[in-house]
Amino acid sequence: MKQEERREQTIGQLLNATKELLRDRGCHGITMKDIMEKSELSKGAIFHYVKSKDEIFAWVLQERLEEINKYFMNEVIQAPTTFDGPMQVISRNLEALEDANDVTNKVLMYLLGKEDEPAVAEVLKNYYERSVYLSKEWIVSGQRHGVILESVDPDKTAEMFVLLSLGLRVRSSFPIKNTSATAQDLSAYMVSILKDQ
């Protein structure tokens, strides 16, 4: 097995085990020992790639972001001149952001509580910047294909959408039963801005 394949396999094992533990125990209830046992990886194999469980948690966030981007770009490739397919990918993701049990929501809230640690602050900064970058790329792609208005400012709109999605994530951790603004409302708002309906 080539080194890159081994790396991907190890990181995949690590992420899958961590996500399963996160679903069962939450962020605070997991130790590196738990991750080693669940992933069946040695301490050396894990620490070859990461320094802490916080770094693994950051990978969980990044993985989700890259996964959404992959689905979005697949929709663009399949039907580059339509708005609906790629927007459905975004809408489905927004709905997950309202789920208090969503692993990435738990991770984000956990990391936000540790933002004073330099390594975590860097992870959060990178996550935010990557989120805005991808959102901008999605808007620019839509403009290039003529399905998003040219008058939409990709930079400001991307950042606004990321801020709103982060708000959904944070709100998911509050013990609120009924809300008047939902992910569907945010999705409709995004459509109205992008397509001027």
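Numbering (the UniProt record's numbering), first residue to last: 1 to 197. A virtual CB, placed ideally from N, CA and C, is assigned to each residue, including glycine.
Original post:
In or out: S52 buried (at least 16 other Cβ within 10 Å) or exposed?
Top reply: Looking at its Cβ environment, which holds fewer than 16 other Cβ atoms inside 10 Å, S52 is exposed.
Subject >> 8 Å CB neighbourhood of L14 in its chain, flanking five on each side removed >> reply: Correct list, in chain order: I35, S39, L41, I46, Y49, V50, I56 and W59.
Original post:
Just the Cα atoms here: how many angstroms apart are Y127 and V140?
Top reply: Cα to Cα, the separation comes out at about 20 Å.
Original post:
Below 8 Å between beta carbons: does that hold for L94 and L166?
Top reply: Here L94 is not near L166, since their CB atoms are 8 Å or more apart.
Original post:
Is the distance from the Cβ of F83 to the Cβ of G142 below 8 Å?
Top reply: At a Cβ-Cβ threshold of 8 Å, F83 and G142 count as neighbours.
Original post:
Any idea what DSSP makes of I139, helix, strand or coil?
Top reply: In the three-state reduction of the DSSP assignment, I139 falls in the helix class, which pools H, G and I.
**OP:** May I have the straight-line CA-CA distance separating S173 from K106, to the nearest angstrom?
**Re:** Roughly 8 Å between the two C-alpha positions.
**OP:** Drop a sphere of 10 angstroms on the beta-carbon of T104, count the other beta-carbons inside from all chains shown, and report buried for 16 or more, exposed for fewer.
**Re:** By the Cβ neighbour-count rule, T104 is buried, with 16 or more other Cβ atoms within 10 Å of its own.
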